[in-house]
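Student: When the letters of the sequence shown are read in order and numbered with the working numbering, they come out as residues 86 to 265.
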Amino acid sequence: MTDSIGGEFRRIRKEKKMTLKELSERSGLSMSFLSQVERGISTVTFTSVRKIAEALGVSVNFFFEPEEESPIKRKSLKKRADQPNFTYTSLTGDLDQPQFTPARIELKAGESQTAPYSHRGQEFVYVLEGELKVMLEGHEETLYPHESLHIDSSKEHTWYNETDKPVILLVVSTNEGREG
Numbered sequence: 086m087t088d089s090i091g092g093e094f095r096r097i098r099k100e101k102k103m104t105l106k107e108l109s110e111r112s113g114l115s116m117s118f119l120s121q122v123e124r125g126i127s128t129v130t131f132t133s134v135r136k137i138a139e140a141l142g143v144s145v146n147f148f149f150e151p152e153e154e155s156p157i158k159r160k161s162l163k164k165r166a167d168q169p170n171f172t173y174t175s176l177t178g179d180l181d182q183p184q185f186t187p188a189r190i191e192l193k194a195g196e197s198q199t200a201p202y203s204h205r206g207q208e209f210v211y212v213l214e215g216e217l218k219v220m221l222e223g224h225e226e227t228l229y230p231h232e233s234l235h236i237d238s239s240k241e242h243t244w245y246n247e248t249d250k251p252v253i254l255l256v257v258s259t260n261e262g263r264e265g
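This is how it looks when you write it as structure tokens:
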């Protein structure tokens, strides 16, 4: 990443001539929180990154820089970001406009963004390790290793880790209406 994920948010927001207020309205996150994230004062959860990316009209991958330049995926890592609450590793190949985004996500212990939200497209979540809390249209369940969820993302949902151990997920989401 350039300076920080918050710095990238600010850069894209300004390129799109969007105010903090507009970003707040589109993402559902408060202006003060967004300002703190942009200045590197506050950390961000993966759910918040998804909301901000959606509001900016870009893929989550947009905020992470490639580690290697090869059309062949011999290693599982291409783009990676370590944040205090999560680690995001893109598994996307070198396509100009991919129709879906595969990623490996590790939610650190206690990563608990619990406010449900919706966005365009579909989402597939497969639990590799740990216990993942899932809330879908007001119904809450726990997914365990080797269990999965495939949903229409326009339905109110969230998933999070409220345990004291990390949760590792394989997540595949569609890229409807986003820039690559």
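Even for Gly, the Cβ is constructed at its ideal location relative to N, Cα and C. Predicted, not measured: the structure shown is a model, and the values here were computed from it.
Need the endpoints of the alpha helix (DSSP H) that Ala140 sits in, please.
Tutor: Phe131 to Leu141
Student: Given that a residue counts as buried once 16 or more other Cβ atoms are within 10 Å of its Cβ, and exposed if not, what is Lys136?
Tutor: By the neighbour-count definition (other C-beta atoms within 10 Å, threshold 16), Lys136 is a buried residue.
Student: Please determine, among Gly142, Glu214 and Ser133, the residue with the shortest C-alpha to C-alpha distance to Pro230.
Tutor: Closest option to Pro230, Cα to Cα, is Glu214.
Student: Considering only the alpha carbon of each residue, which of Leu217, Lys240, Ser258 and Thr227 lies closest to Phe185?
Tutor: Ser258
Student: Taking the alpha helix (DSSP H) that Lys101 falls in, what are its first and last residues?
Tutor: No alpha helix (DSSP H) contains Lys101, which DSSP labels as neither H nor E.
Student: With a Cβ-Cβ cutoff of 7 Å, do Glu123 and Arg95 count as a contact?
Tutor: Yes; because the gap between Cβ atoms is below 7 Å, this pair is in contact.
Student: Just the Cα atoms here: how many angstroms apart are Lys250 and Lys193?
Tutor: Taking C-alpha positions only, Lys250 is separated from Lys193 by approximately 7 Å.
Student: Tell me Glu208's beta-bridge partners as DSSP assigns them.
Tutor: Ile236 and Ser258
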